[in-house]
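Sequence positions in the sequence shown follow the UniProt record's numbering and run 1 to 191.
Note that the Cβ used here is the ideal one computed from N, Cα and C, for glycine as well.
A short worksheet on the structure shown next.
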Amino acid sequence: YFEVYNEHVRDLLVPVVPNKPPYYLKIRESPTEGPYVKDLTEVPVRSINEILRYMKNGDDSRTTASTKMNDTSSRSHAVFTIMLKQIHNDMETDETTERSSRIRLVDLAGSERAKATEATGARLREGSNINKSLTTLGRVIGALADAKQKGRKRKDVVPYRDSILTWLLKDSLGGNSKTAMIACIAPSDYE
1 YFEVYNEHVR DLLVPVVPNK PPYYLKIRES PTEGPYVKDL TEVPVRSINE ILRYMKNGDD
61 SRTTASTKMN DTSSRSHAVF TIMLKQIHND METDETTERS SRIRLVDLAG SERAKATEAT
121 GARLREGSNI NKSLTTLGRV IGALADAKQK GRKRKDVVPY RDSILTWLLK DSLGGNSKTA
181 MIACIAPSDY E
């Protein structure tokens, strides 16, 4: 479970040490697995209750701050990954096959208008990074949709690497993945 905060990645399952700067993880790219977060905590689980406990622990560790629009605004994007492994033993051939799947639950920070939030300093920089990654996500989805409509005759460049978030979600957005998006849109008096 990790967060992308100001274009840095932090493991949400590693406790924050008070009065110490956060420890940011490095991103690597494997030719077979694609982009991944190096040294990210992985925990085997056997029940939904274990999953929910880890998710709650990570949620409690997320970077939040008060803004004019929200008292506890999440200042980061959070990505919770569930890896599923299915092992099949064929009794007739005595062969074992393993299938792997990945489910990613992503909580995106909300888009912000600097004027509406009246943010300055660190909050303004956070808002700028949030908006950059959300804009890049929109561009990636747009490029993938355009390529699908055009039948992929041309290989257009999909701007995955323009944001840490989209780079890490590359295998969840493209390839043979199935992606669903649920939006929570809150009405606001701020224009």
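What distance in whole Å lies between the Cβ atoms of residue j and residue i, which are believed to be in contact at a cut-off of 8 Å?
i           : j           : result
residue 101 : residue 84  : 4 Å
residue 6   : residue 125 : 7 Å
residue 168 : residue 37  : 7 Å
residue 23  : residue 80  : Contact doesn't hold; Cβ gap of about 19 Å is too wide.
residue 82  : residue 103 : 4 Å
Looking only at its own chain, which residues have a Cβ that is under 8 Å from the Cβ of residue i, when we skip the five neighbours before and after it?
i           : result
residue 111 : 130, 131 and 134
residue 96  : 87, 88, 89 and 90
Beta-carbon separation of residue i and residue j under 9 Å?
i           : j           : result
residue 222 : residue 41  : No answer is possible for residue 222: it lies beyond the span of the chain, which begins at 1 and ends at 191.
residue 158 : residue 137 : no
residue 39  : residue 26  : yes
Could you please give me the residues that DSSP links to residue i through a beta bridge?
i          : result
residue 25 : 9
residue 74 : 64
residue 30 : 34
residue 83 : 102
residue 41 : The partner list for residue 41 (beta bridge, DSSP) is empty, contrary to what the question assumes.
residue 89 : 96
Could you have a look at residue i and say whether DSSP puts it in helix, strand or coil?
i           : result
residue 110 : coil
residue 47  : coil
residue 169 : coil
residue 163 : coil
residue 177 : coil
residue 136 : helix
In its own chain, which residues sit with a C-beta less than 6 Å from the C-beta of residue i, not counting the 5 before and 5 after it?
i           : result
residue 165 : 4, 77 and 133
residue 108 : 77
residue 162 : 136
residue 51  : 45
By Cβ distance, which residues of its chain are closer than 7 Å to residue i, with the 5 residues on each side in sequence left out?
i          : result
residue 34 : 170 and 171
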